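Here is the structure we will look at.
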Amino acid sequence: MKVKRIVSEERMLLPELRDTLLVVEAARIESGEEMSYELRKSIEHANQLSKTSSEKARALVDELLKLEKMKEDIAYRIANLMPRTRDELRAIYAKERFNLTTEELDEILDLVMTHF
C-alpha cells in the first residue's frame with residue numbers, strides 16, 4: 153500500500169491506540185470482515201505493551217508536562233513505557249543535552265507509580 157499524502161498527524165498514547173484498535177476489531181467482527189495479519193499483530197502488540205488505561209496515561213502526560221525539564225515527546229514516551237526505575241528513566245533521557253538530578257527522577261517515578 154502506497155501512501156499518497158498525510159491528511160493529519162497527531163500524537164497518540166499506546167493505551168489510546170489499544171482502545172481504537174479494539175473498536176476497529178469489534179467492527180470487523182460484527183461485519184464479518186476478515187482482519188489482516190498486520191491488524192491482528194497490531195492489536196496483539198498494543199494489548200501486550202499497554203500497562204495502564206488510556207485515562208490514566210492521559211492524566212500522567214498532563215501532569216508530566218507541568219514539570220520544568222519536560223518536553224512533550226518525552227512525556228509521551230514515559231507514559232507509553234511506564235518506567236519503574238531510575239535507569240529506565242535515564243535511558244529515555246539519554247539523547248537530551250541535560251541530566252536530571254536524583255530528586256527530579258524520583259519525582260517523575262512517583263508520578264508514574266500513582267498512574268500505574
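In this note's numbering, the protein residues as written are 153 to 268.
By construction, the Cβ of each residue, glycine as well, lies at the ideal position given by its N, Cα and C atoms.
Predicted model only: the values in this text are computed from it and were never measured.
In whole angstroms, what is the alpha-carbon distance linking threonine 237 and threonine 204? Translated into positions along the sequence shown, residue 237 becomes position 85. Translated into positions along the sequence shown, residue 204 becomes position 52. C-alpha separation (whole angstroms): 17 Å.
Out of Glu196, Arg170, Met164, Thr172, which has the shortest C-alpha to C-alpha gap to isoleucine 230? Indexing the sequence shown from 1 puts residue 230 at position 78. When only C-alpha atoms are compared, the closest one is Met164.
Closer than 7 Å by C-beta to leucine 169: which residues in its own chain qualify, once you throw out the five before and the five after it? Chain order, please. As a position in the sequence shown, residue 169 is number 17, starting the count at 1. So the list reads Ala198, once near-sequence residues are dropped.
Please return the same chain residues whose Cβ sits closer than 6 Å to the Cβ of histidine 210, not counting the five positions on each side in sequence. For the purposes of this step, residue 210 is taken as the residue at position 58 of the sequence shown. Before going further, note that residue 210 is arginine rather than histidine in the sequence given. None.
Would you check if there are 3 or more beta carbon pairs closer than 8 Å linking the segment 250-260 to the segment 218-225? Cβ pair count under 8 Å is three or more, so yes.
What do you reckon, are the CB atoms on leucine 261 and leucine 241 nearer than 8 Å? Looking up residue 261 in the sequence shown gives position 109. Looking up residue 241 in the sequence shown gives position 89. The criterion of a C-beta distance shorter than 8 Å is satisfied by leucine 261 and leucine 241.
If I follow the unbroken alpha helix (DSSP H) through glutamate 248, where does it start and stop? For this step, residue 248 is matched to residue 96 along the sequence shown. Segment: none, glutamate 248 is in no alpha helix (DSSP H) and carries neither H nor E.
Work out the CA separation of lysine 154 and threonine 266 for me, nearest whole Å. Numbered from 1 along the sequence shown, position 114 holds the residue referred to as residue 266. Numbered from 1 along the sequence shown, position 2 holds the residue referred to as residue 154. Spanning the two alpha carbons is a distance of roughly 42 Å.
Mind checking valine 175: buried by the 16 CB within 10 Å criterion, or exposed? The residue given as residue 175 occupies position 23 in the sequence shown. The residue is exposed, with fewer than 16 neighbouring Cβ atoms inside 10 Å.
Between valine 264 and proline 235, how many whole angstroms is the CB-CB distance? I'm expecting something under 8 Å. Indexing the sequence shown from 1 puts residue 264 at position 112. Indexing the sequence shown from 1 puts residue 235 at position 83. Going by Cβ atoms, the distance from valine 264 to proline 235 rounds to 6 Å, so yes, they are a contact pair.
Let me check understanding here. Comparing Cα to Cα, which of Glu185, Glu196, Arg157 lies closest to threonine 172? Here residue 172 refers to the residue found at position 20 when the sequence shown is read from its first residue. Taking only the C-alpha atoms, the option nearest threonine 172 is Glu196.
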